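**Q** Have a look at this one.
Chains as they are written, first to last, in this note's numbering: chain L, 23 to 473; chain V, 23 to 473.
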């Protein structure tokens with residue numbers, strides 16, 4: 023017999039309620055070292071069921087934490103204050119795509135890759151491609167404003183959200199965003215959901231903008247000379263590369279060496295690598311872009327000729343293994359997600375080096391160089407004292423260099439202490455006020471995002 | 023000797039205070055029929071002066087209405103509740119552009135065209151190009167989420183705002199937006215300024231995103247057969263046109279006939295016209311896009327071959343006269359700004375016709391067909407009873423067809439009565455709550471936007 027607030031939960035919702043050990047254990051972890059203490063997992067059946075759940079949680083003062091693919095890296099989907107995990111993984115509907123409007127409506131549980139595969143035959147794509155795309159859900163992508171290599175050309179998830187159905191922390195259902203392709207009727211309230219990590223509302227449906235897929239995508243890989251000034255190279259490429267360049271990625275020399283050993287890799291070398299993607303609509307446009315790009319590399323002082331990989335997918339599958347090859351070397355590691363202005367990239371790398379040396383460990387860096395968003399990785403257990411120290415040091419370094427503590431992963435519970443300083447006092451107070459209005463009882467994902 | 027609240031104004035700010043008849047008369051009008059009753063015009067000198075002004079206005083309970091180019095079409099910049107007009111037209115600084123980050127920081131008083139001309143030699147551009155671009159300011163463009171023909175490819179102003187310095191209605195100064203090219207630290211609070219029509223904060227500085235200019239832009243003009251189904255044509259072009267198509271415009275047969283009479287127009291005919299812009303980076307890419315586009319026109323059942331205008335600027339200067347040729351025919355007119363889903367475009371045009379007939383007047387339609395955003399214009403004085411009736415009828419028609427009362431102009435004081443129904447109850451309450459937090463005394467542009 024159940025007692026306490028949860029005694030009334032099964033009667034309050036129509037969806038399944040699980041309280042078994044294995045269900046709770048799965049709900050208590052994401053891809054971060056954060057561990058939760060869930061009391062139950064609920065799988066609501068529709069938006070009105072979510073609203074019932076929220077009203078129940080308000081009455082009983084029970085926290086609700088939304089969960090999709092569980093790939094968050096800072097504890098975003100872990101129930102650190104206990105309560106109910108709201109599992110949206112079965113909300114996998116992809117509703118009729120509108121090719122003229124370039125929009126599609128999806129359930130929050132649709133996996134990023136599933137949507138990608140669904141759209142490919144239509145000649146459309148959803149540009150944000152986080153490293154977790156094979157298992158992260160679109161609800162999670164929206165909640166963390168996720169992105170990946172292609173954000174260089176296409177921006178982060180925020181730009182691709184056209185609308186959302188949500189349940190506010192008040193229990194009210196709200197449809198946010200216009201029905202048309204353009205609207206100027208006040209500020210769009212969509213920001214209540216994009217990047218808010220489930221702290222302001224629960225997402226029950228998302229309308230995404232789509233891009234027309236280019237006819238061709240090729241990869242361009244070039245080894246960097248030792249001591250290359252990355253910030254200057256990135257700046258020159260970002261300002262003067264052809265418009266079709268959709269990604270400017272970096273992997274350091276150690277990561278590149280490990281990737282070269284993968285079967286069939288055929289990556290040029292030695293040393294660190296730049297990996298670019300070039301989109302075009304014809305063979306001749308691609309050739310023109312590649313010629314222009316080669317001259318940009320020369321101007322940037324990159325001595326080697328770039329290797330062209332006619333199939334960008336092969337480059338991406340290698341690039342996607344960067345995290346795995348680092349993990350193979352290091353075991354559990356601290357993997358950060360800072361972004362700095364391009365001019366500060368080299369200073370950031372120097373500081374990462376110094377931080378690793380001061381802890382007597384090794385560091386690796388790879389990431390989205392074209393936007394100054396890098397993932398410094400340290401061979402330390404993230405739950406250890408040393409792991410905590412290096413995280414703190416690298417986040418402080420990014421802030422000191424005029425950067426942000428999160429380029430694309432989010433804040434979760436691990437980076438809350440930096441939010442006040444990064445946002446500044448007046449914006450933080452606005453955010454707190456939005457929270458009070460949208461979630462008056464503080465039941466939505468407590469312990470996340472807000473300091 | 024001044025009495026009342028304004029007696030203390032001159033001492034409260036460092037900027038000039040004007041109360042002369044001609045200054046007030048100018049401040050009481052925008053491009054709409056709305057007329058204000060300003061008590062004073064203030065030209066603050068810097069952000070701290072704006073903050074002083076806001077603190078003074080809070081103490082004295084005096085409304086503040088921000089003003090840029092005064093081109094708003096619904097009374098957005100008109101002080102309908104009296105008080106002080108805050109004139110930002112002298113805030114015309116364009117600070118160092120960052121070509122690698124593709125950003126520029128501007129004062130709110132910079133005119134859209136001035137920025138365009140300033141950026142051209144750098145190979146960059148700010149995509150939103152409202153019809154008012156020769157005189158509207160970027161502060162106003164941001165405040166109304168303005169856009170124009172190129173929003174088909176590039177979206178509205180919202181997408182191009184990377185950051186802003188604002189003074190809240192509390193008198194606090196806040197910097198909104200990241201310093202980096204990517205950030206995932208909670209919801210971005212920039213929406214406090216984009217589209218909020220000066221009701222939540224006063225903008226003192228804007229950081230805009232920029233696009234790399236294409237090497238080539240050409241115009242494509244094609245006459246439409248009588249009875250062409252516009253929604254279907256727009257849908258086919260929007261879903262299947264080459265990626266380089268940046269605008270899909272429409273002018274009806276009467277407007278097209280008037281444009282053809284302009285000196286040197288050389289527009290094909292007869293009948294209504296579609297006007298498209300194609301961007302490309304080389305002659306060969308342009309040729310490929312034009313061939314693809316011609317086959318799309320055929321598939322859409324457009325019998326005439328499109329005429330290519332090698333210089334898109336010439337097409338745009340003709341298209342830019344659409345409003346003027348209508349005004350020449352009609353005198354003062356009601357010019358609306360509705361948007362509907364593409365599938366509802368033809369129904370909208372039928373209703374516009376019926377509305378005009380029921381008032382015994384003529385109507386004209388032109389606008390941004392590719393996004394379903396059209397400007398139905400009626401030959402009636404907007405301040406007359408008939409003018410009010412047709413405005414009401416066309417806004418109701420757009421809503422009934424699943425559309426919005428404003429695609430790109432804003433709400434101002436003329437469309438407030440539609441906002442509650444369009445946003446829905448929960449989003450409206452959120453917006454009211456944002457307002458209470460950002461402007462607790464309700465001094466910022468009262469009588470606008472919110473019903």
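C-beta atoms are modelled at their ideal positions from N, C-alpha and C, and glycine is treated no differently.
Predicted, not measured: the structure shown is a model, and the values here were computed from it.
Taking Cβ-Cβ distances shorter than 8 Å, what residues in chain L pair up with residue 195 of chain V?
**A** By Cβ distance, chain L contributes 448.
**Q** Comparing C-alpha positions only, which one of L:44, L:244, L:132 and L:83 sits nearest to residue 115 of chain L?
**A** Of L:44, L:244, L:132 and L:83, the residue nearest in Cα terms is L:132.
**Q** Comparing alpha-carbon positions, which option in V:89, V:459 and V:233 lies nearest residue 172 of chain V?
**A** Closest by alpha carbon: V:233.
**Q** Specify whether the stretch 279-295 of chain L and the stretch 238-257 of chain L touch according to this definition: at least 3 beta carbon pairs, one from each stretch, less than 8 Å apart.
**A** Yes: at least three Cβ pairs fall under 8 Å.
**Q** Closer than 7 Å by beta-carbon distance: list the chain V residues that pair up with residue 427 of chain L, in chain order.
**A** Per Cβ cutoff of 7 Å: 207.
**Q** Report yes if the C-beta of residue 178 of chain V is less than 7 Å from at least one heavy atom of the ligand ZN; otherwise report no.
**A** The ligand ZN is absent from the structure shown, which contains no ligand whatsoever.
**Q** DSSP three-state label for residue 204 of chain V, please.
**A** Residue 204 of chain V falls in the coil class under three-state DSSP.
**Q** Based on Cα-Cα distance, which residue from V:407, V:430 and V:383 lies nearest to residue 393 of chain V?
**A** Nearest of V:407, V:430 and V:383 to residue 393 of chain V, Cα basis: V:430.
**Q** Just mark residue 151 of chain L as buried or exposed, buried being the case when its beta carbon has 16 or more other beta carbons within 10 Å.
**A** Answer is buried; the Cβ neighbour count reaches 16.
**Q** Is it true that the CB of residue 423 of chain L sits closer than 8 Å to the CB of residue 370 of chain L?
**A** Their beta carbons are under 8 Å apart, which means residue 370 of chain L touches residue 423 of chain L by this criterion.
**Q** Answer with yes or no whether the minimum CB distance from residue 386 of chain L to chain V is below 8 Å.
**A** No - not a single Cβ of chain V is within 8 Å of the one on residue 386 of chain L.
**Q** Starting from the C-beta of residue 421 of chain L, find all residues in its chain whose C-beta is less than 8 Å away, skip the five residues before and the five after it, and write them out in chain order.
**A** Cβ neighbours of residue 421 of chain L beyond the five flanking positions: 427, 440, 443 and 444.
**Q** Ordered along the chain, which non-local residues of its own chain (more than five positions away) have a Cβ less than 7 Å from that of residue 231 of chain L?
**A** Closer than 7 Å at Cβ, skipping near neighbours: 124, 125, 182 and 184.
**Q** Using the beta-carbon count (16 or more within 10 Å), is residue 25 of chain L buried or exposed?
**A** Classification of residue 25 of chain L: exposed, given that the 10 Å Cβ count is below 16.
**Q** Would you call the CB atoms of residue 318 of chain V and residue 269 of chain V closer than 8 Å?
**A** No, they are not a contact pair.
**Q** Near residue 199 of chain L, what residues of its chain come up, given a Cβ to Cβ distance below 7 Å and the 5 sequence neighbours on each side ignored?
**A** Counting only Cβ-Cβ distances below 7 Å, and skipping sequence neighbours, we find 184, 185, 186, 210, 212 and 229.
**Q** Identify the contact partners of residue 441 of chain V in chain L, using a Cβ-Cβ distance below 9 Å as the criterion.
**A** Within 9 Å Cβ-Cβ: 207 and 208.
**Q** Out of V:73, V:463 and V:304, state which residue places its alpha-carbon closest to the alpha-carbon of residue 313 of chain L.
**A** If we check each option's Cα against that of residue 313 of chain L, V:304 comes out closest.
**Q** Roughly how many angstroms separate the alpha carbons of residue 148 of chain L and residue 227 of chain L, rounded to a whole number?
**A** In a straight line, the C-alpha of residue 148 of chain L is about 16 Å away from that of residue 227 of chain L.
**Q** Could you confirm whether any beta carbon from chain V is found closer than 8 Å to the beta carbon of residue 438 of chain L?
**A** Taking Cβ atoms only, chain V never reaches closer than 8 Å to residue 438 of chain L, which makes this a no.
**Q** May I have the straight-line CA-CA distance separating residue 434 of chain L from residue 96 of chain L, to the nearest angstrom?
**A** Distance between the alpha carbons of residue 434 of chain L and residue 96 of chain L is about 5 Å.
**Q** What is the DSSP secondary structure of residue 120 of chain V, reduced to helix, strand or coil?
**A** Correct three-state label for residue 120 of chain V: strand.
**Q** So what does residue 470 of chain L bridge to, in DSSP terms?
**A** Paired residues: none, contrary to the question.
**Q** Using a beta-carbon distance cut-off of less than 7 Å, what residues from the stretch 292-306 of chain V approach chain L?
**A** Listed by position, the residues of the stretch 292-306 of chain V near chain L (Cβ gap below 7 Å) are 303, 304 and 306.
**Q** Around the C-beta of residue 353 of chain L, are 16 or more other C-beta atoms found within 10 angstroms, so that it is buried, or is it exposed?
**A** Exposed, since its Cβ has fewer than 16 Cβ neighbours within 10 Å.
**Q** Roughly how many whole angstroms lie between the Cα atoms of residue 359 of chain V and residue 88 of chain V?
**A** Distance between the alpha carbons of residue 359 of chain V and residue 88 of chain V is about 22 Å.
**Q** Give a yes or no on contact between the stretch 51-61 of chain V and the stretch 460-471 of chain L, applying the rule of three or more CB pairs nearer than 8 Å.
**A** No contact exists between the stretch 51-61 of chain V and the stretch 460-471 of chain L.
**Q** Secondary structure at residue 395 of chain V, three-state DSSP: helix, strand or coil?
**A** In the structure shown, residue 395 of chain V sits in a strand (DSSP, three-state: E or B).
**Q** Check whether the Cβ atoms of residue 446 of chain V and residue 197 of chain L lie closer than 8 Å to each other.
**A** Yes; because the gap between Cβ atoms is below 8 Å, this pair is in contact.
**Q** Roughly how many angstroms lie between the CA atoms of residue 153 of chain L and residue 398 of chain L, to the nearest whole one?
**A** About 15 Å.
**Q** Taking the alpha carbon of residue 55 of chain L as the reference point, which residue from L:460, L:355 and L:315 has its own alpha carbon closest?
**A** Residue 55 of chain L has its Cα closest to that of L:355, out of L:460, L:355 and L:315.
**Q** Is the stretch 364-383 of chain L in contact with the stretch 104-113 of chain L, if contact means three or more CB pairs nearer than 8 Å?
**A** Taking 8 Å as the limit for Cβ pairs, the verdict is that the stretch 104-113 of chain L does not touch the stretch 364-383 of chain L.
**Q** Which of the residues in the stretch 160-177 of chain L, read from start to end, lie with their CB under 9 Å from any CB of chain V?
**A** Cβ contacts with chain V: 166, 167, 168, 169, 173, 174 and 177.
**Q** With a CB to CB cut of under 8 Å and the five nearest residues on each side skipped, what residues in its chain are close to residue 337 of chain L?
**A** Taken in chain order, the residues that qualify are 241, 243, 297, 299 and 331.
**Q** Which one or two residues does DSSP pair with residue 284 of chain L in a beta bridge?
**A** Paired residues: none, contrary to the question.
**Q** Kindly indicate which residue of L:258, L:75 and L:159 has the alpha-carbon position closest to the one of residue 192 of chain L.
**A** Out of L:258, L:75 and L:159, L:75 has the C-alpha closest to the C-alpha of residue 192 of chain L.
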